[in-house]
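Enquirer:
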Amino acid sequence: MAENKKTTIILFSGDYDKAMAAYIIANGAAAYGHDVTIFHTFWGLNALRKENQVPVKKGFMEKMFGKMMPRGVDKMGLSKMNYLGMGPKMIKKVMKQHNAMPLPQLVEMAQEQDVSLLACTMTMDLLGLRKEELIDGLDYGGVAAYIGESEEANITLFI
Amino acid sequence: MAENKKTTIILFSGDYDKAMAAYIIANGAAAYGHDVTIFHTFWGLNALRKENQVPVKKGFMEKMFGKMMPRGVDKMGLSKMNYLGMGPKMIKKVMKQHNAMPLPQLVEMAQEQDVSLLACTMTMDLLGLRKEELIDGLDYGGVAAYIGESEEANITLFI
Amino acid sequence: MAENKKTTIILFSGDYDKAMAAYIIANGAAAYGHDVTIFHTFWGLNALRKENQVPVKKGFMEKMFGKMMPRGVDKMGLSKMNYLGMGPKMIKKVMKQHNAMPLPQLVEMAQEQDVSLLACTMTMDLLGLRKEELIDGLDYGGVAAYIGESEEANITLFI
């Protein structure tokens, strides 16, 4: 009985470069036959937001969080050398020059490889994010779902 | 012989949100029957400081570190959107609105669930922190203690 | 057949304190008989740069990245309390007072203990870093090499 190897990644960070690292590792592990789960919690949830505003009813605090946080991977900043947004532009430019895959395509590729993109329901509740505001094809769960996936995993990372 | 599963977390960060993530995962894993250890090293040690100043003899550098670093989890800032301290207030407010557990209670809950809160003695030595300045009920050790706990663990994270 | 235990660390961060944590854990695990790999990717690659500028041909963007990023571990900043470079000086001073090993020696010690220092070739390509600009005795590979090392590892960390 040869079970698949397993990799689980907690994506806590809302930084473009860290999300890129998470998705590159996830796609790499999936290519090597691992079952892969990315648990998007706290700021990492922003990677799953739709680019356009979706009309949903929100309270005052929820609206504020919604406005202050980036909508989707393409709006995120860098963890280092962000330089008021110039850093991400430079990174995206050199990635294009080297035919490296930008983050939105890395997310698509992960979905095509059946990587489970797990959205943290506790964070959604706290920050007032609704399912309609997130991209399609996600799984939903809390820390229990993460523990369940991870306790048999070969590689466990927090990014 | 069914041994317990095991989770070990290195809490390196001194950010409120990251410490919260560490303690939520630790409490979740403990609830699922895992033996859990949180190894508090570098800035993560601040999560274990008592809120009040404790009179101990210190050198000049030790005093400076003691003053610059937050005393206990309630004084920590956010890794993102700290906005001169407004971010943590907002997070704490929405957490209250949603009946989510704030960090000091998450630490208490971990202690009630027998999560081992391991304080890094090397960091204590470097930053001049004394046992009297930290909360009660801690374990003490260095990287060797961490490796010993982690080499049989199912989930290993660095936060 | 008693195989060695295994620890793999992704060093993504370019911060002095985080690199120090990575190398302290790596040296600790190696001392306990683990096979250890540190996969240096993104900003973590800066820990492997030679201190002096090495004359290599570069494009404009590559030159800019080369100038903006620190050359080697001794030039890195702290993740917290950097205070325009005063933080690292303070840390280095207290480390000296306590006879703690500074980062350049930790890197040497890792090499002496046969820790595999793996440089991410994809990042090198993106940021325009050449082998001549990195210290000697490195291994080179991409995410596939990391997955291969990590899927049998006991401890897996992302720093």
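Protein chains in written order, with our numbering: chain A, 513 to 671; chain B, 513 to 671; chain C, 513 to 671. Idealized CB from N, CA, C, for every residue including glycine.
For B/Gly-653, report the span of its beta strand (DSSP E) as first-last.
Expert: Segment 651-653, the beta strand (DSSP E) holding B/Gly-653.
Enquirer: State the CB to CB distance for the pair C/Leu-560 and C/Ala-665, rounded to an integer number of angstroms; the pair is presumed to be in contact (CB under 8 Å).
Expert: Contact doesn't hold; Cβ gap of about 21 Å is too wide.
Enquirer: What did DSSP end up calling A/Thr-519 once you bin it into helix, strand or coil?
Expert: Correct three-state label for A/Thr-519: strand.
Enquirer: Could you check whether C/Thr-553 and C/Thr-635 sit closer than 9 Å to each other, using their CB atoms as the reference points?
Expert: Going by C-beta atoms, C/Thr-635 is nearer than 9 Å to C/Thr-553.
Enquirer: Does DSSP put A/Val-548 in a helix, a strand or coil?
Expert: Reduced to three states, the DSSP call for A/Val-548 is strand.
Enquirer: Could you name the residues of chain C that A/His-610 contacts, counting a contact when the two beta carbons are closer than 8 Å?
Expert: Going along chain C in sequence order, the residues near A/His-610 (Cβ under 8 Å) are Asp-637, Leu-638.
Enquirer: For A/Met-580, count neighbouring Cβ atoms within 10 angstroms of its own Cβ and tell me buried if that reaches 16, exposed if not.
Expert: Exposed, by the Cβ-count rule.
Enquirer: Sorted by chain position, which residues of the same chain lie with C-beta nearer than 6 Å to C/Arg-642's C-beta, five sequence neighbours on each side aside?
Expert: Contacts found: Val-568.
Enquirer: So, does the segment 603-618 of chain B touch the segment 569-579 of chain C, judging by three or more C-beta pairs under 8 Å?
Expert: Cβ pair count under 8 Å is below three, so no.
Enquirer: Quick one: which chain A residues come within Cβ less than 9 Å of B/Gly-540?
Expert: Within 9 Å Cβ-Cβ: Gly-654, Val-655, Ala-656, Tyr-658, Ile-659.
Enquirer: Quick one: which chain A residues come within Cβ less than 8 Å of B/Lys-517?
Expert: Going along chain A in sequence order, the residues near B/Lys-517 (Cβ under 8 Å) are Glu-663.
Enquirer: Per DSSP, which residues does A/Ser-628 bridge with? Please list them.
Expert: A/Thr-549.
Enquirer: Taking 9 Å as the CB-CB cut-off, is B/Asp-622 touching chain A?
Expert: Per the sequence shown, residue 622 of chain B should be read as Ala rather than Asp. Answer no: the Cβ-Cβ gap between B/Ala-622 and chain A never drops below 9 Å.
Enquirer: Let me see if you follow: with CB-CB separation under 9 Å, is B/Glu-645 close to chain C or not?
Expert: It does not; no Cβ of chain C falls within 9 Å.
Enquirer: What residues in its chain sit with their C-beta under 7 Å from that of C/Glu-645, if we drop five residues either side in the sequence?
Expert: Same-chain partners within the cutoff: Arg-561, Lys-562, Val-566, Val-568.
Enquirer: Only counting the same chain, and skipping five residues up and downstream in sequence, which positions put a Cβ closer than 6 Å to that of B/Leu-523?
Expert: Correct list, in chain order: Ala-534, Ile-550, His-552, Gly-556, Ile-671.
Enquirer: On a Cα-Cα basis, can you pick out the residue from C/Ile-647, C/Asp-626, C/Val-585, C/Asp-637 that is closest to C/Met-613?
Expert: Closest by alpha carbon: C/Val-585.
Enquirer: What does A/Ala-533 reach in chain C if we use C-beta pairs closer than 7 Å?
Expert: Going along chain C in sequence order, the residues near A/Ala-533 (Cβ under 7 Å) are Phe-524, Thr-553, Phe-554.
Enquirer: Check B/Ile-647 in the structure and name its three-state DSSP category.
Expert: Of the three classes helix, strand and coil, the one that applies to B/Ile-647 here is coil, per DSSP.
Enquirer: Check the Cβ of A/Asp-529 against every Cβ in chain C and list those closer than 7 Å, keeping chain order.
Expert: The answer, in chain order, is Phe-554.
Enquirer: By the criterion of Cβ-Cβ separation under 9 Å, what are the contact partners of A/Met-607 in chain C?
Expert: Chain C residues near A/Met-607: Leu-638.
Enquirer: Tell me which residues share the same chain as A/Leu-639 and place their Cβ nearer than 6 Å to its Cβ, disregarding the 5 neighbours each side in the sequence.
Expert: The answer, listed in chain order, is Phe-577.
Enquirer: State the start and end residues of the unbroken alpha helix (DSSP H) segment that holds B/Ile-537.
Expert: Counting along the chain, the alpha helix (DSSP H) containing B/Ile-537 begins and ends at 528-543.
Enquirer: Please report the Cβ distance between C/Ile-521 and C/Ile-537, rounded to the nearest whole angstrom; I am assuming they are in contact, meaning their Cβ atoms lie under 8 Å.
Expert: About 7 Å separates the two Cβ atoms, so the contact holds.
Enquirer: Identify the contact partners of C/Met-602 in chain B, using a Cβ-Cβ distance below 7 Å as the criterion.
Expert: The answer, in chain order, is Met-573.
Enquirer: According to the neighbour-count rule (16 or more other Cβ atoms, all chains shown, within 10 Å of its Cβ), is A/Tyr-652 buried or exposed?
Expert: Exposed, by the Cβ-count rule.
Enquirer: Is C/Ile-536 close to chain B, meaning its C-beta is less than 9 Å from at least one C-beta of that chain?
Expert: True, the Cβ-Cβ gap to chain B drops below 9 Å.
Enquirer: Just the C-alpha distance for A/Met-575 and A/Arg-583, rounded to the nearest angstrom, thanks.
Expert: Note that residue 575 of chain A corresponds to Lys in the displayed sequence, not to Met. Looking at the two C-alpha atoms, the distance is approximately 13 Å.
Enquirer: Please report the straight-line C-alpha distance between C/Lys-518 and C/Gly-545, rounded to a whole angstrom.
Expert: Approximately 8 Å, taken between the alpha carbons.
Enquirer: Run through DSSP, which three-state label would A/Leu-557 get?
Expert: Helix.
Enquirer: Since A/Tyr-528 and A/Gly-589 are thought to touch, with beta carbons under 8 Å apart, how far apart are those beta carbons, to the nearest angstrom?
Expert: The pair is a contact, with the Cβ atoms about 6 Å apart (cut-off 8 Å).
Enquirer: How long is the line joining the alpha carbons of C/Met-532 and C/Leu-618, rounded to whole angstroms?
Expert: Roughly 8 Å between the two C-alpha positions.
Enquirer: Assuming contact is defined by CB atoms lying nearer than 9 Å, are A/Gly-654 and A/Leu-629 in contact in what I supplied?
Expert: No, they are not a contact pair.
Enquirer: Alpha carbons only, please: which of C/Asp-626, C/Asp-637, C/Ile-659 is nearest the one belonging to A/His-610?
Expert: Measuring from the Cα of A/His-610, the nearest candidate turns out to be C/Asp-637.
Enquirer: Expressed to the nearest angstrom, what Euclidean distance is found between the alpha-carbon atoms of A/Ala-543 and A/Val-627?
Expert: Rounded to the nearest angstrom, the two C-alpha atoms are 10 Å apart.
Enquirer: On the CB-based measure, 16 or more other CB atoms within 10 Å of its CB, does C/Lys-530 come out buried or exposed?
Expert: Looking at its Cβ environment, which holds 16 or more other Cβ atoms inside 10 Å, C/Lys-530 is buried.
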